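S.K.: Pasting a structure here, questions to come.
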Amino acid sequence: MGILGVLKEAWQMKRNMKRSREEILKIQEEKLYKLIEHVLKNSKFYREYYEKHGISLENYREIEYTDYPTIDKSIIKNYFDELICTEDFKLKDLEEFVSHKENWGRKYRDRYTVMTSSGSTGNPVIFVYDGSAWDTVKAFIPGRVDTAHRMKLSTRERIAFLIAAGGDFASYNLAKEAEGINYSTLILNVNESLEKIIEAVRGFNPTVLSGYSSSISRLAEEKLGGRLDISPEKIFCSANKLTPERRELIERAFGVSPLDFYAASEALGMASEIPQKKKLFLFEDYYKFEIVDEKLEEVAPGETGDLIVTSLYNYTMPLLRYRMEDRLKKSQVQDFNFTLIDEVVGRTLDDLTFEREDGSRDNISALQLVGMYFRGIKKVQFIQESKDTLRVKYIAEKNIDAEGEIFPKLVEVLAVRGLDSHVKVKFERVDEIEIDPITGKYRPVIPLKEG
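Under my numbering, the first residue of the sequence shown carries the number 4, and numbering increases by one thereafter.
This is the structure:
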């Protein structure tokens with residue numbers, strides 16, 4: 004698509020904002036039928052999976068979409084090669100590609116953007132976007148997030164990203180692309196020391212801050228403490244939850260109201276905040292969303308449900324009725340041409356704080372931990388047992404040197420903060436990892452219990 008194509012797509016996104024609800028749903032329906040026809044013709048997995056449920060090229064338009072079967076991460080892992088609609092690669096090729104640090108942020112075969120999921124459920128998966136799909140993702144930045152951004156030859160906005168940069172993560176891949184849409188960029192690893200981050204941000208003097216709300220909140224505290232003098236004009240938060248407390252802190256420090264942005268590796272750019280309403284609107288012209296109860300029935304406005312999403316633009320790795328682990332709360336009042344949600348529930352991850360022998364402390368970002376991709380590891384959980392001890396529980400495939408796969412990458416994360424010689428790591432191979440009895444959800448990172 005190229006830069007002109009990205010700008011054209013962004014223009015279309017802005018144009019759709021002015022369309023009626025009926026027009027948006029019509030666009031969605033047309034894209035959905037086109038995608039279903041594509042997977043029935045080009046994906047061995049979907050063709051056989053749907054055939055078992057009586058769905059074929061002859062009748063797919065006659066069947067209610069809610070009667071189509073769902074998929075989840077386990078299906079993607081087990082049927083990756085059969086699910087994708089290309090012969091250009093297999094899962095083993097992409098696993099090999101992302102295992103090399105020099106490939107992070109690069110294109111596979113100069114065409115495909117490959118990333119590992121953040122693994123916030125302890126079960127990271129590889130996702131891939133072809134050139135056209137990735138250009139659509141890039142268009143979300145000027146088209147739905149930074150809508151005031153202008154392409155000027157004379158000046159560039161300076162955007163600083165505070166993200167997990169120690170892996171082939173979605174946020175890192177997207178940050179690398181910002182240069183191409185007229186930003187000067189600074190990419191900062193949230194796992195670096197706060198002193199290094201402050202020094203770099205101070206020297207860059209960004210006009211835009213983008214990243215994890217927890218990391219931007221830390222900069223807000225430094226600003227209020229008089230240790231950081233920057234005045235960004237725009238602030239975008241994603242990945243972890245923008246809580247009311249973090250929002251108030253950021254507004255007080257910078258005099259700017261942060262804009263919340265909802266994205267995931269599976270679906271990069273699903274919702275953005277309407278500042279006047281303080282609510283997120285779902286991008287229903289690029290996705291089909293279902294917010295459902297335990298019976299997979301759509302919840303009413305004001306209620307919270309599990310998210311099932313269909314990406315309508317990724318034709319290489321199509322995800323139809325994909326069950327996310329996120330839960331969304333629908334807004335009680337639906338007075339917009341796109342569905343409004345109050346919040347993404349349950350996206351809070353706690354960082355781990357370790358203490359050295361001299362009493363000094365440092366944090367390890369939970370998002371950095373859960374973002375690591377380990378070949379042959381089905382599930383992993385990080386549990387802080389003491390101020391200097393970390394237990395790693397894992398479920399692994401047979402004949403896999405799991406500790407040899409996990410330990411070197413974990414040491415790299417600890418070394419960035421100078422903790423590699425201070426934190427003891429214990430490994431425990433298990434058959435099952437328990438869910439949290441209170442939330443009923445899996446906790447990939449468990450901090451040290453207070454007291």
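A virtual CB, placed ideally from N, CA and C, is assigned to each residue, including glycine. A quick note: this is a predicted structure, and the numbers were derived from the prediction, not measured.
Scan the stretch 100-139 and note each continuous alpha helix (DSSP H) run of 4 residues or more that stays entirely inside, going in chain order.
M.R.: With a minimum length of 4 residues, there is no unbroken run of alpha helix (DSSP H) contained wholly in the stretch 100-139.
S.K.: What residues in its chain sit with their C-beta under 6 angstroms from that of valine 428, if we drop five residues either side in the sequence?
M.R.: Translated into positions along the sequence shown, residue 428 becomes position 425. Result list for valine 428: Leu393, in chain order.
S.K.: What are the complete alpha helix (DSSP H) segments, minimum 4 residues, inside the stretch 22-58?
M.R.: 24-45 and 47-54
S.K.: With distances taken Cα to Cα, identify the nearest neighbour of lysine 80 among Glu400, Ala223, Ala203 and Ala369.
M.R.: Locating residue 80 in the sequence shown gives position 77, counting from the first residue. When each option's Cα is compared against that of lysine 80, the closest is Glu400.
S.K.: Could you give the residue range of the beta strand (DSSP E) that holds valine 347?
M.R.: Here residue 347 refers to the residue found at position 344 of the sequence shown. Run containing valine 347: 343-348, per the beta strand (DSSP E) assignment.
S.K.: Using the beta-carbon count (16 or more within 10 Å), is valine 336 buried or exposed?
M.R.: Position 333 of the sequence shown, counted from the start, is the residue given in the question as residue 336. The residue is exposed, with fewer than 16 neighbouring Cβ atoms inside 10 Å.
S.K.: Spatial neighbours of isoleucine 190 within its chain, please: CB distance less than 6 angstroms, with the 5 preceding and 5 following residues excluded, ordered by chain position.
M.R.: Working through the sequence shown from its first residue, we reach residue 190 at position 187. Closer than 6 angstroms at the Cβ level, and outside the excluded window around isoleucine 190, lie Phe164, Ala168 and Ala178.
S.K.: Can you confirm whether the stretch 290-307 touches the stretch 351-368 when touching is taken to mean that 3 or more C-beta pairs between the two stretches lie within less than 8 angstroms?
M.R.: Under the three-pair Cβ rule at 8 angstroms, the stretch 351-368 does not count as touching the stretch 290-307.
S.K.: Taking only three categories from DSSP, how would you classify tyrosine 78?
M.R.: Translated into positions along the sequence shown, residue 78 becomes position 75. Reading off the sequence shown, one finds isoleucine at residue 78, where the question assumed tyrosine. Helix, per DSSP.
S.K.: Would you decide whether aspartate 296 is buried or exposed? Buried here means 16 or more other CB atoms lie within 10 Å of its CB.
M.R.: Along the sequence shown, read from residue 1 onward, the residue named residue 296 stands at position 293. When all chains shown are included, aspartate 296 counts as exposed.
S.K.: Can you list, in chain order, the residues of its chain with a C-beta nearer than 8 angstroms to that of cysteine 88? Leave out the 5 residues immediately preceding and following it.
M.R.: Indexing the sequence shown from 1 puts residue 88 at position 85. Around cysteine 88, the same chain offers His41, Val42, Asn45, Ser46, Tyr318, Thr319, Met320 and Pro321 as residues with beta carbons nearer than 8 angstroms, after the five sequence neighbours per side are excluded.
S.K.: In whole angstroms, give me the CA-to-CA distance for leucine 315 and glycine 362.
M.R.: Taking the first residue of the sequence shown as position 1, residue 315 is located at position 312. Taking the first residue of the sequence shown as position 1, residue 362 is located at position 359. If I take the Cα positions, the gap works out to 52 angstroms.
S.K.: Pull the bridge partners of leucine 325 from the DSSP assignment, please.
M.R.: The residue labelled residue 325 in the question sits at position 322 within the sequence shown. For clarity, residue 325 is tyrosine in the given sequence; the question names leucine instead. Looking at the DSSP assignment, tyrosine 325 forms a beta bridge with Ile74 and Val312.
S.K.: Have a look at the DSSP bridge pairing and note the partners of aspartate 263.
M.R.: On the sequence shown, position 260 is the one that residue 263 refers to. Its beta-bridge partners are Cys240.
S.K.: Would you kindly work out how many angstroms separate the C-alpha atoms of lysine 226 and aspartate 232, rounded to a whole number?
M.R.: What you label residue 226 is simply residue 223 of the sequence shown in a count that begins at 1. What you label residue 232 is simply residue 229 of the sequence shown in a count that begins at 1. Lysine 226 and aspartate 232: Cα-Cα distance of roughly 6 angstroms.
S.K.: Alpha carbon to alpha carbon, how far is glutamate 360 from alanine 270? Give it in angstroms, no decimals.
M.R.: Counting from one through the sequence shown, the residue named residue 270 turns up at place 267. Counting from one through the sequence shown, the residue named residue 360 turns up at place 357. Near 43 angstroms, if we compare the C-alpha coordinates of glutamate 360 and alanine 270.
S.K.: Output the distance between the C-alpha atoms of threonine 150 and methionine 273, rounded to the nearest integer angstrom.
M.R.: For the purposes of this step, residue 150 is identified with residue 147 of the sequence shown, where counting begins at 1. For the purposes of this step, residue 273 is identified with residue 270 of the sequence shown, where counting begins at 1. Taking the straight line joining both Cα atoms gives about 15 angstroms.
S.K.: Tell me whether the stretch 413-431 and the stretch 379-392 touch, counting them as touching only if at least three CB pairs, one residue from each stretch, are closer than 8 angstroms.
M.R.: Yes: at least three Cβ pairs fall under 8 angstroms.
S.K.: Classify isoleucine 367 as helix, strand or coil using the three-state DSSP reduction.
M.R.: In the sequence shown, residue 367 corresponds to position 364, counting from 1. In this structure, isoleucine 367 counts as strand in the three-state DSSP scheme.
S.K.: Would you mind working out which of Tyr265, Leu38 and Ser234 sits nearest alanine 256, comparing C-alpha positions?
M.R.: Taking the first residue of the sequence shown as position 1, residue 256 is located at position 253. Comparing Cα-Cα distances from alanine 256 to each of Tyr265, Leu38 and Ser234, the minimum goes to Ser234.
S.K.: Using the Cβ count rule (16 or more neighbours within 10 Å means buried), how would you classify tryptophan 107?
M.R.: Your numbering for residue 107 matches position 104 in the sequence shown. Label assigned to tryptophan 107: buried.
S.K.: Opposite tyrosine 3 in the DSSP bridges: which residues?
M.R.: No statement about residue 3 is possible, as the shown extent of the chain runs from 4 to 454 and does not include it.
S.K.: Between the C-alpha atoms of leucine 35 and lysine 29, what's the straight-line distance to the nearest angstrom?
M.R.: In the sequence shown, counting from the first residue as 1, residue 35 sits at position 32. In the sequence shown, counting from the first residue as 1, residue 29 sits at position 26. Leucine 35 and lysine 29: Cα-Cα distance of roughly 10 angstroms.
S.K.: Whose C-beta lies closer than 7 angstroms to the C-beta of aspartate 263 among residues of the same chain, with five residues either side of it excluded?
M.R.: The residue you call residue 263 lines up with position 260 of the sequence shown. In the same chain as aspartate 263, and ignoring 5 residues on each side of it, the C-beta atoms closer than 7 angstroms to its own belong to Cys240, Leu245, Glu276 and Leu283, in chain order.
S.K.: How would you label asparagine 208, buried or exposed, when you count the other beta carbons within 10 angstroms and need 16 or more for buried?
M.R.: On the sequence shown, position 205 is the one that residue 208 refers to. Classification of asparagine 208: exposed, given that the 10 Å Cβ count is below 16.
S.K.: I need the straight-line Cα distance from leucine 331 to arginine 324, nearest angstrom please.
M.R.: As a working note, residue 331 is residue 328 in the sequence shown. As a working note, residue 324 is residue 321 in the sequence shown. For leucine 331 and arginine 324, the distance between alpha carbons rounds to 16 angstroms.
S.K.: For tyrosine 445, which of helix, strand or coil comes out of DSSP?
M.R.: Against the sequence shown, residue 445 aligns to sequence position 442. Coil, per DSSP.
S.K.: Can you check which of these residues, Phe410, Asp84 and Ser187, is closest to aspartate 96 by C-alpha distance?
M.R.: What you label residue 96 is simply residue 93 of the sequence shown in a count that begins at 1. Looking at the Cα atoms, Asp84 is the closest of the given residues.
S.K.: Are threonine 139 and glutamate 12 close, meaning C-beta to C-beta below 7 angstroms?
M.R.: Residue numbering aside, residue 139 sits at position 136 when the sequence shown is read from its first letter. Residue numbering aside, residue 12 sits at position 9 when the sequence shown is read from its first letter. Their beta carbons are under 7 angstroms apart, which means threonine 139 touches glutamate 12 by this criterion.
S.K.: To the nearest angstrom, how far is it from the Cα of phenylalanine 292 to the Cα of lysine 55?
M.R.: Locating residue 292 in the sequence shown gives position 289, where the first residue counts as 1. Locating residue 55 in the sequence shown gives position 52, where the first residue counts as 1. Answer to the nearest angstrom: the Cα atoms are 24 angstroms apart.
S.K.: Taking leucine 417 as part of the alpha helix (DSSP H), name the residues at either end of that continuous run.
M.R.: Taking the sequence shown and counting its residues from 1, one reaches residue 417 at position 414. First-last of the alpha helix (DSSP H) with leucine 417: 405-419.
S.K.: Between which residues of its own chain and phenylalanine 143 is the CB-CB distance below 6 angstroms, once the five residues before and five after are set aside?
M.R.: As a position in the sequence shown, residue 143 is number 140, starting the count at 1. Cβ neighbours of phenylalanine 143 beyond the five flanking positions: Gly272.
S.K.: Tell me which residues share the same chain as valine 348 and place their Cβ nearer than 8 angstroms to its Cβ, disregarding the 5 neighbours each side in the sequence.
M.R.: Residue 348 sits at position 345 when you count from the first residue of the sequence shown. Thr307, Asp329, Arg330, Leu331 and Lys332, listed in sequence order.
S.K.: Give the range of the alpha helix (DSSP H) segment to which lysine 382 is assigned.
M.R.: In the sequence shown, residue 382 corresponds to position 379, counting from 1. Not the alpha helix (DSSP H): lysine 382 falls in the beta strand (DSSP E), residues 380-389.
S.K.: Please identify the residue among Arg50, Leu417, Ser424 and Gly183 whose C-alpha is closest to the C-alpha of isoleucine 6.
M.R.: The residue given as residue 6 occupies position 3 in the sequence shown. Comparing Cα-Cα distances from isoleucine 6 to each of Arg50, Leu417, Ser424 and Gly183, the minimum goes to Gly183.
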